[in-house]
Every structure is written in structure tokens, then in C-alpha cells.
Amino acid sequence: MSVSLLFVVGCPVKHSLSPAMHNGVISRLGLPLAYVPVELPKGRLRVFLSIVREANFLGGNITIPFKEEAAELSDVRSEAVEACGAANTLVVRDGRLFAENTDGEGFMDALVMQGWGRRHSNVVLLGAGGAARGIAFALGEAGSSRIVILNRSLQRADEVARVLSPRFPSTRFSTGGIDPGSLEEAFRDADLIVQCTPLGLIGEWSDFPYKAVKKNTRFADLIYCAKGTSVVHMLRARGVSSIDGLPMLACQAARSFALWTGKDPEAELFLSFADKSLKNMIDFTGFSTNWR
Ligand code: NAP
Numbered sequence: 138m139s140v141s142l143l144f145v146v147g148c149p150v151k152h153s154l155s156p157a158m159h160n161g162v163i164s165r166l167g168l169p170l171a172y173v174p175v176e177l178p179k180g181r182l183r184v185f186l187s188i189v190r191e192a193n194f195l196g197g198n199i200t201i202p203f204k205e206e207a208a209e210l211s212d213v214r215s216e217a218v219e220a221c222g223a224a225n226t227l228v229v230r231d232g233r234l235f236a237e238n239t240d241g242e243g244f245m246d247a248l249v250m251q252g253w254g255r256r257h258s259n260v261v262l263l264g265a266g267g268a269a270r271g272i273a274f275a276l277g278e279a280g281s282s283r284i285v286i287l288n289r290s291l292q293r294a295d296e297v298a299r300v301l302s303p304r305f306p307s308t309r310f311s312t313g314g315i316d317p318g319s320l321e322e323a324f325r326d327a328d329l330i331v332q333c334t335p336l337g338l339i340g341e342w343s344d345f346p347y348k349a350v351k352k353n354t355r356f357a358d359l360i361y362c363a364k365g366t367s368v369v370h371m372l373r374a375r376g377v378s379s380i381d382g383l384p385m386l387a388c389q390a391a392r393s394f395a396l397w398t399g400k401d402p403e404a405e406l407f408l409s410f411a412d413k414s415l416k417n418m419i420d421f422t423g424f425s426t427n428w429r
């Protein structure tokens, strides 16, 4: 029996939950597939993808720092990839690479899984990187009326707003920095706050204005760790409904898996394997950090 391959490429992938999660689902479904982590130095993506085009790959996941380059090197880009300039999923068909970004819709699925629904009027995004851009695109499609993008580099936030504003004329985009004053002001009217920076995984938020988050605001962190991120802990303690990044990890994975295989297992199945392997990582290796 021949086996097809899926890859995840990025650095470092040794702490990634994705192989355990995907291989768990593959084994549960009994498919002739294997999902392999590939360590790749910067500057070598083009060479790697030339092998992917020719060998027995169905596709794979792309993580930091290759998401933008993967979008450029692909033959066909989805609308989300065109708008965000970043791909997290590649599908191989007859030697051609199709680029997709499942982060945005995976995030929306995670909101639905949580019972929060897709429609959120006033949203604050913390961060303006590839993940934030994908999520801003999906929120625009879902009909958010206002999206505030707060980022360390204001120029990068402005660029996301500039690109997405014409695509979603009914959504008002605005931008700002991440000083406590800007956060406080933006949190005042927020229905949903989405934390899209690596803080919580690498470094922590200092002076996060917890008290400015209203009790009826919802908070979603893209970061996950076995014990929960400190921002999620602090907000839950204040009675604010909050989720970490594990449901999104599972939901974006389920969407990628469906693109590669044509099979549509429930995102909950991915979540159960992700949850189990996150606990194992902590229990058996002592790693408290994780990457996707
Ligand atoms: P990215 O493209 O590298 O963007 C990183 C963003 O975080 C930028 O806006 C950057 O600001 C900001 N940032 C980085 N370090 C910071 C710091 N010390 N203080 C303040 N802001 C900082 O990364 P990405 O692809 O958007 O991913 C962001 C995070 O989300 C990563 O940790 C990733 O692992 C996680 N993620 C999780 C999921 C999931 O399924 N749960 C999916 C995708 C991503 P500047 O523009 O100023 O540099």
C-alpha cells in the first residue's frame, strides 16, 4: 500500500502539536497518510516546495516565518490568501500548489464551537501579523461593523486596514498602538477582543488594562498552553468569557485536512488529540511552550 504525506514546515516545529493532532485523526480514520514535521532553514522554502510538487505529498501546513513566502511561491491563491498575503495551508494537485489560509475561518469555527456565533459588531485585534490579517478578513466577511487593529508597529496595522477597507466597505477599520491608554480606549466598546501576538508564549503583556474589559466582552487568545495563558486566567477571574487558542488550532486543522483529503472529520476530534498531546508535552518533556 502506498502512503501519501502531509508536512508542517516552520521553525521550530519540534514543539508543534500539529503532527500529534493530525496523525491521531489519520490513525482514527485508518487512512494511508503520514503528517511529518520538517525543520527548514530560512531561504530554503523554494527548494523544499519543488520536492513537494514532485513527491507523494497531498499538501501541508506552513507556519512562521514562511507564510508570506509560501503564498508568493504558490500557483493559485485563495481570496483570503490574496488579501492577507499569507498562506497556512498548501494543497498539491498535479504538481501545482494551491494556497489557502484556514486561520480566519478556523477562528470563526472556534467562536461557533464556543457558542459565541460568527457575528461580532465591535472587534479589537491585538496584533497585525499573518494570523490577525486572516482573522480580520474573516470578521469582515462575517459582517463586523468595526474592527480596531492595535499593533506594536503602527505602520503594519495601517497596512492591514488599508488593504481590507476597500474589500469590506461596511466595516470601519481603525488602528492604534498597544500602549495601555490605546487598549483601554478600544476596549470600552468591544464585543470581542482577539489576542493575536505571541505574548503569553514568548514574553507576557505588561500593563494589560484588565479592568477596562467589560464583563460582557468576549476574549479570544490565539496562544494556548496546558495551564492557560495568564491573560485568559486574569480575565476569567474577573468574570469575562475567555478562550485560548486550542479550539482555533483544532478548527483550522480540520479545514486544512478537508482540503487535503476531501474528508470532513469533526473539529472536536482534532481538539481531543490536540488537548491530549498538549498535556503529554508538558507531562513527559517538561516543555511549557508550543508552536503550531
Ligand atoms: P506574525 O505574522 O509573526 O505576527 C506577530 C504579531 O505579533 C505582529 O503583529 C507583531 O507586532 C506582534 N508581536 C510580536 N512580538 C511582540 C511583542 N513582544 N510585543 C507586542 N507585539 C508583538 O505571527 P502570526 O502568524 O500572526 O501569529 C501570531 C501568534 O499567533 C503566534 O504566536 C502563533 O503561534 C499564534 N497562532 C495561533 C494559531 C492557533 O491556531 N491557535 C494560529 C495562528 C497563529 P509587529 O508587527 O510590531 O512586529
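In the numbering used here, the protein residues as written are 138 to 429.
C-beta atoms are modelled at their ideal positions from N, C-alpha and C, and glycine is treated no differently.
Values in this document were obtained by computation on a predicted structure and should not be read as measured data.
Beta carbon of residue i: closer than 7 Å to some heavy atom of the ligand NAP?
i      : result
Ile380 : no
Asp240 : yes
Ile199 : no
Arg392 : no
Thr334 : yes
Arg293 : yes
Gln389 : yes
Lys364 : no
Tyr347 : no
Met158 : no
Tyr361 : yes
Ile284 : no
Gly314 : no
Ala273 : no
Arg299 : no
Met385 : yes
List the endpoints of the continuous beta strand (DSSP E) containing residue i.
i      : result
Gly196 : Phe194 to Ile199
Thr398 : Counting along the chain, Thr398 falls outside any beta strand (DSSP E), though it belongs to the alpha helix (DSSP H) covering Leu383 to Thr398.
Arg233 : Arg233 to Glu237
Val249 : No beta strand (DSSP E) holds Val249; the alpha helix (DSSP H) holding it covers Asp240 to Met250.
Leu143 : Ser141 to Gly147
Arg305 : A quick correction: the sequence has Phe, not Arg, at residue 305. Careful: Phe305 lies outside any beta strand (DSSP E) and carries neither H nor E.
Asp358 : Arg355 to Asp358
Glu176 : Leu170 to Glu176
Asn259 : Asn259 to Leu263
CB residue i to CB residue j, shorter than 8 Å?
i      : j      : result
Lys413 : Gly376 : no
Val229 : Arg183 : no
Arg256 : Ala279 : yes
Thr200 : Leu396 : no
Ala327 : Asn259 : yes
Ser307 : Ser343 : no
Ala217 : Leu359 : no
Ala323 : Val261 : yes
Ser141 : Leu170 : yes
Cys333 : Leu263 : yes
Ile272 : Val331 : yes
Leu301 : Ala236 : no
Phe203 : Val145 : no
Lys400 : Phe394 : yes
What residues in its chain sit with their C-beta under 6 Å from that of residue i, if we drop five residues either side in the sequence?
i      : result
Gln389 : Thr239, Asp240 and Gly243
Ala294 : Ala265, Ile286, Asn288 and Thr312
Ser378 : Arg355
Lys364 : none
Leu291 : Gly314
Phe185 : Leu177
Met138 : Pro169
Ala357 : Val331 and Ile380
Using a Cβ-Cβ cutoff of less than 8 Å, which residues in the same chain neighbour residue i once the five nearest sequence positions on both sides are dropped?
i      : result
Phe345 : Pro317, Leu320, Val368 and Met371
Leu143 : His159, Leu170, Ala171, Tyr172, Val173, Phe194, Leu195, Gly196, Gly197, Asn198 and Trp397
Trp253 : Leu329, Arg355 and Ser378
Output needed for residue i: all residues of its chain with C-beta closer than 7 Å, excluding positions within five of it in sequence on either side, in chain order.
i      : result
Phe410 : Ala157, Met158, Gly161 and Val162
Met245 : Arg255, Ala275 and Ala279
Ala404 : Asp246, Met250, Ala387, Cys388 and Ala391
Glu341 : Ser367
What number of angstroms, rounded off, separates the C-alpha of residue i from the C-alpha of residue j?
i      : j      : result
Ser215 : Arg299 : 19 Å
Thr398 : Leu195 : 8 Å
Arg233 : Ser187 : 10 Å
Val350 : Glu296 : 26 Å
Ala247 : Pro384 : 5 Å
Glu209 : Ala374 : 43 Å
Arg392 : Leu329 : 23 Å
Ala223 : Ala207 : 7 Å
Pro402 : Leu166 : 9 Å
Ala192 : Ile284 : 42 Å
Cys362 : Leu336 : 12 Å
Gln251 : Lys179 : 37 Å
Leu338 : Val213 : 33 Å
Arg304 : Arg270 : 13 Å
Tyr347 : Gly277 : 26 Å
Glu205 : Asp231 : 23 Å
Arg325 : Ser155 : 36 Å
In the DSSP assignment, the alpha helix (DSSP H) including residue i goes from what residue to what residue?
i      : result
Phe324 : Pro317 to Phe324
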